[in-house]
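The next block holds one structure in the form of structure tokens; read it before the comments.
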Amino acid sequence: MTERKGTFKVEFLKDIEKEVQSKWEELKVFEEDHDQNGADKFFVTFPYPYMNGCLHLGHTFSLSKCEFAVGFQRLKGKKCLFPFGFHCTGMPIKACADKLKREMQDFGFPPTFPSGGFEVSPKEESVDSESAIFKDKSKGKKSKAVAKTGTAKYQWEIMKGLGLTDDEIKPFADSSHWLEYFPPLAKRDLKKMGLHVDWRRSFITTDVNPFYDSFVRWQFTRLKEREKVKFGKRYTIFSPKDGQPCMDHDRSSGEGVGPQEYTLIKMKLLAPYPSKLKSLKEPIYFVAATLRPETMYGQTNCWIHPDIKYSAFRVNVKGEKSIYICTERAARNMSYQGFTHENGKIDFVVKELKGEDLLGTGVVTSVPSDSPDDYAALRDLKNKAPFREKYGIADDMVLPFDPVPIISVPELGNLSAVYVCDKLKIQSQNDRDKLTEAKEQVYLKDEMIGNNSAVLYMEPEKPITSRSGDDCVVALCDQWYLDYGEETWLKSTESCLEGVECYHDEVKKNFHSTLGWLKEHACSRTYGLGSKLPWDESWLIESLSDSTIYMAYYTIAHFLQGDTFDGKASSNALNIKPEEMTPEVWDYIFFKKASYPKNSKISKESLEKMKGEFEYWYPVDLRVSGKDLVPNHLTYYLYNHVAMWPEADDKKWPQGIRANGHLLLNSEKK
1 MTERKGTFKV EFLKDIEKEV QSKWEELKVF EEDHDQNGAD KFFVTFPYPY MNGCLHLGHT
61 FSLSKCEFAV GFQRLKGKKC LFPFGFHCTG MPIKACADKL KREMQDFGFP PTFPSGGFEV
121 SPKEESVDSE SAIFKDKSKG KKSKAVAKTG TAKYQWEIMK GLGLTDDEIK PFADSSHWLE
181 YFPPLAKRDL KKMGLHVDWR RSFITTDVNP FYDSFVRWQF TRLKEREKVK FGKRYTIFSP
241 KDGQPCMDHD RSSGEGVGPQ EYTLIKMKLL APYPSKLKSL KEPIYFVAAT LRPETMYGQT
301 NCWIHPDIKY SAFRVNVKGE KSIYICTERA ARNMSYQGFT HENGKIDFVV KELKGEDLLG
361 TGVVTSVPSD SPDDYAALRD LKNKAPFREK YGIADDMVLP FDPVPIISVP ELGNLSAVYV
421 CDKLKIQSQN DRDKLTEAKE QVYLKDEMIG NNSAVLYMEP EKPITSRSGD DCVVALCDQW
481 YLDYGEETWL KSTESCLEGV ECYHDEVKKN FHSTLGWLKE HACSRTYGLG SKLPWDESWL
541 IESLSDSTIY MAYYTIAHFL QGDTFDGKAS SNALNIKPEE MTPEVWDYIF FKKASYPKNS
601 KISKESLEKM KGEFEYWYPV DLRVSGKDLV PNHLTYYLYN HVAMWPEADD KKWPQGIRAN
661 GHLLLNSEKK
């Protein structure tokens, strides 16, 4: 391979680039205001990046789509607005700051860590790597998924990896320092990229910025008045360590994973009890989580794995005090769903009976009439005496029994498992491929059977780890939630989606799919950074909920921010104070038919200027993002625009969404 002889041409082009960018800034080329004559406009936005680190190559890839669109529309003679803000809401910044604080408490300043660091599992390592996503991922050799292995670092070491000294790291133990440090770096890098941004409109989120804080509180006040925000007990992914719900942005692994509903079937343990349980007087049940409660009438027994750890613990469900036997993992989930006397506390009778934890409760019902697996296992037990002897199964436990028909299936009859096992010539329960094929032929979805011997139970569909390193559970929580999925709201959002240009059929299908399953979303937290709920200030508005209509704030941000990120300049373009931005003022600016705020201290001229700016630029013509935001942020974006600007004002609804995908090349997500 021939070595490069010099970089003269590259440096020459870089010099031209700097000169042109300097000229752009001097002439304020990208600073756009609304046109009094109503000239054609183009308004593009990009999800504001999270400020627990520097930007990475993924941002550049998605931003290039915004850049191309803005450049093209400028060539067509349109006035183009491309604003850019910075997101600081949520728990990651606070979690990282608290880690640094703990490390100084535990190891001194500068901290002296144990030699060699500490080895962790891939799952545990992902917490630290994701809690500090400011690491330069563009230089990594592995994708986010692949890179979650190896030796974890202390938060301090991660910060040192950025080239920071101990003295420079120390202030990061205060979460407010992150908000001051990273936004200017992001702006610097975006300017170097040559982004066509109107920087007057930049801002950071949270209550640190009094103007944006007022805007978000106004939004939630109106959402609650319109019955879009409700309060009650809801099943949600929950971090016991953090003591609050754990939504997608709060997770280091398991994004997009939700609660899975099971029916918990209770099978009473008959006397004589095992020695460890002999002293118990309450009824004892093995509990099996099933997705097929319709088969419970055909169960003949339950399977208990010889190598799994089981726990016995006290429950009080609907006034019935009893003992449940299942895995400790399932017991942990149940303790947050009203099964135990005290929320989150497990009263173990026996903590370890044997083995390793698995998904589910670890107890499996056996329905040999309609489950090929169960029929194959029953047949093995009946036909193989050594197999019975191995597990201590007496002849009278299995030999007299045959499958009982409970469901008649067209073509398969009323003993579908028997029919399919014979048809596919399945010899034993070890014929895994054939059994998989058999189950696909047999399993049907019928209505759930309401029965006093079954209980509703939830657990995460897949393992979820919070950014604080906690294994999450499903909890039945008192919480404020956005009532996504409510019939009327859903229909309006579907109508909104029909008018959105998605540029690709797959994206539109993903939106329809999301609207099909998306339900209530917990919108409040007790830990992290953000704006407080206006009617209950013990709660913070979480990061996926304060970021749904901020595109409207962009249209007037340059009047309020005073060329600062936090809006705390001594003065701004219209000399407006944060406390003057009352809910009635926000209404007048953003709602076309809102009444004039009579008692406002803001001049009519200033109010009209802000209202005119919004009316000119809205709606958003194009929002660019990654497709991974379709199941959450981008769908919430549609829902909230519909809620704030109903059908009577549907001209404010989003016009276009471009969600780019990813390629995996050599284990790298591109």
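Using UniProt numbering, you'd call the opening residue of the sequence shown number 1 and step up by one each time. Ideal placement from N, C-alpha and C gives every residue a C-beta, glycine not left out. On a predicted model such as this, the values are computed, not experimentally measured, just so you know.
Nonlocal neighbours in the same chain, by C-beta distance under 6 angstroms from residue i, ignoring five residues either side
i	result
Gly661	Lys627
His558	Arg200, Arg201
Ala659	Val507, Ser625, Lys627, Val630
Gly256	Pro631
Residue closest to residue i, alpha-carbon to alpha-carbon, out of the options
i	options	result
Phe86	Asp402, Met51, Ala475	Met51
Val216	Pro83, Lys532, Val624	Lys532
Val349	Gln337, Lys390, Phe84, Ala331	Ala331
Glu17	Lys191, Trp617, Leu27	Lys191
Val287	Ala394, Val455, Lys345	Val455
Tyr554	Glu11, Tyr48, Lys228	Tyr48
residue 671	Thr635, Pro403, Ala552, Ser603	With the chain covering 1 to 670 only, the question about residue 671 has no answer from this structure.
Glu320	Phe591, Pro306, Gly338	Gly338
Ser322	Ile657, Tyr285, Leu291	Tyr285
Glu261	Pro460, Tyr212, Leu270	Pro460
Ser311	Thr290, Leu277, Ser176	Leu277
Ala376	Asp402, Glu352, Asp395	Asp402
Ser115	Lys79, Glu157, Ala95	Glu157
Lys351	Val29, Ser453, Lys309	Lys309
Arg188	Glu615, Glu25, Pro240	Glu25
Arg329	Pro272, Ile265, Pro240, Leu100	Pro240
Tyr550	Phe614, Gly528, Leu607	Phe614
residue 673	Tyr336, Ile589, Phe590, Lys609	Because the chain here runs from 1 to 670, residue 673 falls outside it and cannot be looked at.
Ile237	Lys230, Gly254, Leu57	Gly254
Lys99	Leu162, Lys170, Gly161	Lys170
Other residues of its chain near residue i: CB distance less than 8 angstroms, five sequence neighbours each side excluded
i	result
Thr526	Gly243, Gln244, Ser538, Trp539, Leu540
Glu647	Ser492, Ser495
Pro654	Cys496, Val500, Pro619, Val620, Arg623, Tyr637, Leu638, His641
Trp489	Lys228, Asp483, Tyr639, Val642, Ala643
Val398	Leu378, Leu381, Lys382, Arg388
Thr340	Phe313, Arg314, Val315, Asn316, Met334, Ile346, Asp347
Lys65	Val624, Arg658, Asn660
Lys123	Because Lys123 sits at a pLDDT of 35, beneath the cut-off of 50, its placement in the model cannot be relied upon, and the following sentence gives the value as read from the coordinates. Once the five neighbours on either side are set aside, the close Cβ partners of Lys123 are Lys148, Ser253, Pro463, Thr465.
Own chain residues within Cβ distance below 7 angstroms of residue i, not counting five before or after
i	result
Glu67	Leu195, His196
Pro583	Trp218, Thr221
Ser214	Pro578, Met581
residue 671	The chain is shown from 1 up to 670; residue 671 falls before or after that span and cannot be answered.
Glu32	Lys79, Cys80, Leu81, Asp198
Glu103	Pro111, Tyr154, Gln155, Trp156
CB contact check: residue i to chain B, cutoff 8 angstroms
i	result
Leu264	The structure shown has no chain B; it contains just one protein chain.
Delimiting residues of the beta strand (DSSP E) encompassing residue i
i	result
Tyr324	320 to 326
Gly626	622 to 626
Gly71	Unbroken run through Gly71 is the alpha helix (DSSP H), 57 to 75; no beta strand (DSSP E).
Lys14	Per DSSP, Lys14 belongs to no beta strand (DSSP E); it is in the alpha helix (DSSP H), 8 to 27.
Lys598	Segment: none, Lys598 is in no beta strand (DSSP E) and carries neither H nor E.
Tyr262	259 to 268
Val44	41 to 45
Unbroken alpha helix (DSSP H) run spanning residue i, endpoints
i	result
Gly612	604 to 617
Ile169	166 to 169
Asn640	635 to 644
Thr221	210 to 225
Phe182	175 to 193
Ile158	155 to 160
Cys96	92 to 107
Phe387	385 to 390
Val630	Taken as a continuous stretch (DSSP letters only), Val630 belongs to no alpha helix (DSSP H), as it is neither H nor E.
Check: residue i C-beta below 7 angstroms from any heavy atom of the ligand GDP
i	result
Pro386	For the ligand GDP, the structure offers nothing, since it holds no ligand at all.
Between the stretch 591 to 599 and the stretch 19 to 27, do three or more beta carbon pairs fall short of 8 angstroms?
no
If we require 4 or more residues per run, which alpha helix (DSSP H) segments fall completely within the stretch 548 to 585?
550 to 560
Say whether the stretch 481 to 491 touches the stretch 514 to 525, bearing in mind that this needs 3 or more beta-carbon pairs closer than 8 angstroms, one atom from each stretch.
yes
Quick check: the stretch 158 to 171 against the stretch 29 to 37, are at least 3 beta-carbon pairs closer than 8 angstroms?
Short answer: they don't touch.
Every unbroken alpha helix (DSSP H) inside the stretch 444 to 511 [4 residues or more]:
List check, alpha helix (DSSP H) in window: 487 to 498.
Could you tell me whether the stretch 81 to 100 touches the stretch 201 to 213, using the rule of 3 or more Cβ pairs below 8 angstroms?
Yes: at least three Cβ pairs fall under 8 angstroms.
Cβ pair count under 8 angstroms reaching 3, the stretch 456 to 473 against the stretch 247 to 266:
yes
If contact is defined by three or more beta carbon pairs under 8 angstroms, each pair taking one atom from either stretch, is the stretch 87 to 98 in contact with the stretch 178 to 188?
yes
Any chance you could list the alpha helix (DSSP H) runs of at least 4 consecutive residues sitting entirely within the stretch 518 to 550, in chain order?
none
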